[in-house]
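Counting with the numbering used here, you get residues 507 to 589 for the letters of the sequence shown. Glycine is no exception: its CB is placed at the ideal position from the N, C-alpha and C atoms. This structure is a prediction, so every number in the text was calculated from the model and none was measured. This report refers to the structure that appears directly beneath it.
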Amino acid sequence: MEEAKRAVVAFACTGRATGKMRNEMDVRMIAPFEERFEMATDEGPFHGGDSTAPPPLAHFLTALTGCIMTQIRAFARRMGVNL
507 MEEAKRAVVA FACTGRATGK MRNEMDVRMI APFEERFEMA TDEGPFHGGD STAPPPLAHF
567 LTALTGCIMT QIRAFARRMG VNL
């Protein structure tokens with residue numbers, strides 16, 4: 507099996523509160539290439555928000571699920587396994 511290549515991956519994030527419970531974030535991937543994303547979170551009325559964006563927990567679960575799915579595919583490809 508071929509040894510995996512290593513790369514430096516770096517991100518930076520700034521955030522600001524813009525509403526009752528709304529937060530807007532500017533996320534930048536710095537390495538291995540530059541890319542920028544704008545993201546927002548908000549809570550529903552139950553927590554005092556306006557539901558203008560997904561709640562932070564939804565982003566957390568999405569990130570965790572996406573990371574796991576990506577790693578499964580990456581390892582499968584390295585091992586020659588078709589999914």
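Same chain, Cβ closer than 8 Å to residue i, neighbours up to 5 away in sequence not counted
{"i": "residue 557", "result": "548, 549, 550, 551"}
{"i": "residue 565", "result": "545, 547"}
{"i": "residue 588", "result": "582"}
Identity of the residue in the options nearest residue i by Cα
{"i": "residue 512", "options": "537, 523, 564", "result": "537"}
{"i": "residue 534", "options": "517, 553, 526, 525", "result": "517"}
{"i": "residue 514", "options": "540, 560, 585, 531", "result": "540"}
{"i": "residue 554", "options": "527, 561, 579, 569", "result": "527"}
Residues that DSSP places opposite residue i in a beta bridge
{"i": "residue 532", "result": "520, 544"}
Sequence-distant residues of the same chain with beta carbon closer than 6 Å to residue i, five excluded per side
{"i": "residue 523", "result": "529"}
Checklist line | Segment contact, 8 Å Cβ cut-off, at least three pairs: the stretch 545-552 with the stretch 570-580 | finding: no
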